[in-house]
Amino acid sequence: MRWRLLILVPVCAAGCTRTHYRTAADRETYPIIGERIVQPAYAIGRTQLEAAPMSRLADPTNPDRPPKPPDDPAAAIFMQHPYKFRGYGKWEKDGVLAEIEPPGWEENLGRAPNGVLKLTQDRATELALENSREYQTRLENVYVQALALTLNRFDFDLQFFARRATNFTHIGGGSLTPESNTLLQSADTGFSRNLAAGGQLLTDFANSFVWEFNGQTHTAAGSIGVSLIQPLLRGFGRNVRLETLTQGERDTLYAVRDFARFRKLFWASVNVDSGGYLQILRQIQGVRNAAANLKSQEENYALYRILFQGGRTQVANVDQVYQALLSARRDLISAEIGLQNALDQYKLLLGLPPRLLIELDDTPLNRFQLVDPDVDKLRTEIDVFERKRKSELDAAPPLTVLQDSLDTLRGFTARADQAVSASDEALKLLADDLKRTVTGDDVEQQDRARAAYEEQKAKPAELRARVRALQTDLRQIQAMLTETNREAGWKSVVASAREAAGIVDAAIAAESVARIYTIRLPETDFTEEALLPYAKENRLDLQNTLGQVTDSWRKVSVAANALKSDLTVRLDGNLNTEPGGKNPLAFGAEGSRLAAGVQFDGPLNRQFERNVYRQSLITYQRARRSYMALSDSVELDVRTGLRELKRQRINFEIARQQLLVAVRQLAIERRLLTAPVQGGARGDDGAATLRILNAQQSLLAARNGLADGFFNYEQQRIQLLINSEMMRLDARGFPDDATARPAAAASKPAPHRDATPDPAAAPAAGP
């Protein structure tokens, strides 16, 4: 028996393991968090504190005995030699980490063989939920709040204690006192409990054994004690004694609701807010628009050089066009650099290092692709062909060149027929889109779309007839082309090229109109009458603020209680054994004690308590005002959001019309610029140059405006859902409403890679 006791004593002295205490804390804390999720609106998804194993935030080491992390060399000196002492020498007993980040975490990202991480909108959200430092910290805050509540609850649980002491005393002998050697062993076991009304109960069982080695005698004593302390004025009452516990319970609910709302804001920041996925797509679209503008300016500059060489324009106009070209190149570089910076910032938002290369799936941008890429390529080739013919400066080229030109034109006409088919397909999609039922502001927009469709629907048939006629003309030119009539053949080739360009331009115009009108904003049916009461009732932060008003109100009564007198009743009872006896369980009346007392302290010195009470009154009034302010702010958010949503829809429709006009205006100006010269007049002047430059700038601004309008509307719509607390997230952290984010277009994606911009080199200045 003794050897078992010898083993048990050091084990109990050391206490339980670190793992035991950590898991015990988790067993108490996680259920508390679960208790607070009393309705779906309070759901917070993952509650597990540790990051996922594939996360950058994961820690694969022993959580209870983590290895020593890398240290700053200068600071490490003071760990080894603090002040004038030798430091602890076993800091590395659990191992040493080479890096803070877990090894191999980047391999878990699923990068492509070239090292690029391809991201869809959903994949970006998943990575953010796994790797975001802010998200992890906010989740830990919920756990820490619930962990603190376990201590508040423990204050009112039975708190057992067990103490044991062994003391040896030696008193040296002298002339008056003999030598004494005494061994005293004492034990004290019991429990205490705080009572809800303010009292405290303490019960303990104590015993002691004394051995006198000189006289070979020993004694044993035992005692059972009970103590009850109960305040009757100051500190009395459940409202006072349970205040800390009550506040802890409510604060944990507030923390859960704060995090539930944060999850929605976090999703919005990753997906639609400034710096989010859709806004980066907006910048990608801006880069594409800038690149298209640069391409248009380059073609325009090349055309003006040819016109100058043919004597159809002045050098001042060429320089003006060249200035516009340089501005377009500068704008593209700025847009590219801005995009790269935004991508790096986005990586930080996801919790990824900026060094990682990422590639965004820009499928949602396909809705802004107004012309089929093959058709756009065909139009560029026709432009090059026309410029080459104009460079021949009214001198018919050799017959072989004319033959090659005819072959090229025949290829153009075949591809022009494909361009007409592309416009026909786009118009059919518009016709299908017009069949759906719309309400509200979309009715007017659909009327315009229907009018545009009626205007364009006959164009494919007309253009196919023009293609057939052009093919017939080319066969006739081929048949009559000889060395003697090269001049007439050359003029026919130039006219045919112009007709081919006209057909493609008309097809592009029809396709652009159809695609522009098929870009639609997500439908909404928000009304202030329905949205405002819902927001006032369901906004999680407003619910918390309302609860905090009551918290401040309760603290007024608690502070008022502290102003009272101290009147405390104390009862003490001890049942003891016979003094000098040898049986620690032989309790008797002799030596036992029962005491009762009352302690009173008048309220003569309550300066501090007075100030606390007055402050509590002020705090309560401030809490009332805070609630009123937030309630008004919620109303403002909803009302402003509804107006802003309507404004963004109107702006989008305006941008749509501006883009339609800009497309038509640029086409007209380009055809006027390349029209044949009548009567020897100069084919261009400064006003014409200014018109075409303005048309190109208007087209760029209109393209950007349409994309801005779409993404701004989506951002405002999501913000309104959050401001009214209508958005709901599933357990993963994604909106459970499919309309919460725009559906990807069904066309082929064209990913944008995070790479260093390499704009084309600047062309030579001047004509």
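Its first residue numbered 1, the sequence shown is counted upward by one per residue in full-length UniProt numbering.
Ideal placement from N, C-alpha and C gives every residue a C-beta, glycine not left out.
None of the values given here were measured: they were computed from a predicted structure.
Cα-Cα separation between residue i and residue j, rounded to whole angstroms
i	j	result
L660	F266	37 Å
G248	T137	20 Å
L158	R257	31 Å
K295	A701	15 Å
A497	E386	7 Å
E243	T125	41 Å
A260	D736	14 Å
L521	E714	8 Å
A623	Y30	30 Å
D473	F526	59 Å
D551	S557	11 Å
A206	R193	18 Å
H20	R27	10 Å
C16	L636	55 Å
Q471	K646	50 Å
V144	E50	13 Å
N694	A328	13 Å
P353	D64	28 Å
K428	Q456	11 Å
A559	N152	19 Å
T166	S223	18 Å
R18	Q548	37 Å
Option in the options with minimal Cα separation from residue i
i	options	result
L339	L57, A328 and Q279	Q279
R48	G597, L139 and S223	For the record, residue 48 in the displayed sequence is Gln; it is not Arg. The residue with the shortest Cα to Cα distance from Q48 is L139.
Q665	F652, L540 and R691	R691
residue 768	Q476, T217, Y346 and L245	With the chain covering only 1 through 767, there is no way to say anything about residue 768.
A500	A422, G602 and D383	D383
N293	L281, A335 and P579	A335
E299	V226, K377, T363 and P69	K377
L360	L343, V371 and L370	L343
S405	L481, Q283, P353 and D432	L481
R123	P66, N271, V401 and N605	N271
M628	V401, E609, A662 and T545	T545
S180	P460, A560 and G172	G172
residue 822	N538, L228, F156 and G705	Any question about residue 822 goes unanswered here, given that the chain covers just 1 to 767.
G597	Q230, P82, A128 and G104	Q230
E537	I284, P460, M726 and L151	M726
D601	G198, R234, R22 and N141	R234
P731	Y42, Y613 and F608	For clarity, residue 731 is Ala in the given sequence; the question names Pro instead. Selected option, being the one with the closest Cα: Y42.
Where the beta strand (DSSP E) containing residue i begins and where it ends
i	result
S496	No beta strand (DSSP E) holds S496; the alpha helix (DSSP H) holding it covers R486 to T518.
Q185	S180 to N194
Q599	R593 to D601
K536	It is not in any beta strand (DSSP E) - K536 instead sits in the alpha helix (DSSP H) that spans E528 to N538.
L117	L117 to L119
L325	Run containing L325: none in the beta strand (DSSP E); it sits in the alpha helix (DSSP H), V315 to L350.
L406	Element bounds for L406: not the beta strand (DSSP E) but the alpha helix (DSSP H), L399 to L434.
I358	I358 to L360
Three-state class that DSSP yields for residue i in the structure shown
i	result
L699	helix
A220	strand
W211	strand
T19	helix
V569	strand
G275	coil
V371	coil
A738	Here the model assigns A738 a pLDDT of 41, short of 50, so the residue's position is not dependable, and the following value carries that caveat. Reduced to three states, the DSSP call for A738 is helix.
L630	helix
Q48	coil
S296	helix
A750	Legend: pLDDT at A750 = 42, less than 50; position of this residue unreliable, value from coordinates given subsequently. A750 falls in the coil class under three-state DSSP.
T61	coil
Residue i - containing alpha helix (DSSP H), residue span
i	result
Q136	R133 to F154
T472	K459 to M480
A162	Counting along the chain, A162 falls outside any alpha helix (DSSP H), though it belongs to the beta strand (DSSP E) covering Q159 to I171.
I77	P73 to Q80
beta-carbon residue i near the ligand ZN non-hydrogen atom, thresh 8 Å
i	result
D637	No copy of the ligand ZN appears in this structure; indeed no ligand is present at all.
Contact belief for residue i with residue j at Cβ below 8 Å, rounded distance in angstroms
i	j	result
A291	L332	6 Å
T219	V210	5 Å
residue 797	A416	What the structure shows of the chain is the stretch from 1 to 767, and residue 797 is not part of that stretch, so it cannot be assessed.
F423	A510	The sequence as given places Ser at residue 423; Phe does not occur at that position. 4 Å between Cβ atoms; contact.
Q648	Q716	5 Å
K68	V96	5 Å
Short CB-CB distance (under 9 Å) between residue i and chain C
i	result
V420	This model lacks chain C altogether; it includes just one protein chain.
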